[in-house]
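The sequence shown begins at -17 in my numbering and counts up by one.
We treat Cβ as the ideally placed atom computed from N, Cα and C, and that holds for glycine.
All remarks here apply to the structure that follows.
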Amino acid sequence: MTWGDAVPITPLHYCIAYTTKKLRKDWSLPALIVGNFIPDLENPVIFALNRFGVIHLSASGWFIDRLVLHSLVGASTIGLALALLITVYLYPALASTIFKVDAREECKASKKLVAPCLVGAISHVLVDTLHHPYNPLLFPFTTSSVDAFILFGDAELATVVVHVAFLAWVLAILAYEFKKSGGRGFWEAVLVGEKGA
């Protein structure tokens, strides 16, 4: 398997962020989104380092495209730190520039961002254990893959099932928010969330 065959479909993790926000109305949706996306930041970095011969990672014929940020320790330390920085300093600028949405209030630096960033990163790692062929859940203690949670005991089938289910979930969320907003305030609803709701 090559990296191209295992490209993560990071935006599908959005459904977890959105649903968590619905359950925890006081949490920041931007922090949940960034937390859910952050582990996949390492994928292109690992690919580039491997491609240029800096590192050589493979396990059982699979190209390893996840390691530090896809472990519980990495997600809850480095992943959390990166998620906090991106939520505070980058997300508001991107939301404003690309979608004309003001996310500053929901991204204001405070300890209230810690839990959603952390839960986002950890939930990403746990979702990935359901379908990826290599799951370094216990890195740095071991690089062995934790495969006990792979659905159906078949990573390829599990990947198809998870991707289709998450795609349907994301599309349902987007359709719901579009219908609810009538198109007005759609981007704010899906990128910032309802204030205090």
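If you draw a straight line from the Cα of A(-1) to the Cα of A13, it is about 9 Å long. Unbroken beta strand (DSSP E) stretches of 3 residues or longer found wholly inside the segment 57 to 112: none.
Listed in chain order, the alpha helix (DSSP H) runs fully inside the segment 129 to 163 are 137 to 163, counting runs of at least 4 residues. Counting only unbroken stretches of 4 or more residues, the alpha helix (DSSP H) elements lying wholly within the segment -11 to 44 are -4 to 5, 11 to 19, 24 to 33, in sequence order.
Going by C-alpha positions, S127 is about 42 Å away from K161.
In the structure shown, E170 adopts helical secondary structure according to DSSP, grouped into three states. The C-beta distance from F123 to V50 rounds to 12 Å, too long to meet the 8 Å contact threshold.
Counting every other CB atom within 10 Å of its CB across the protein chains shown gives D110 a total of 16 or more, marking it as buried.
The segment 95 to 102 makes contact with the segment 13 to 30; the number of CB pairs closer than 8 Å reaches 3 or more. Here C89 really is in contact with T69; their C-beta atoms are around 5 Å apart, less than 8 Å.
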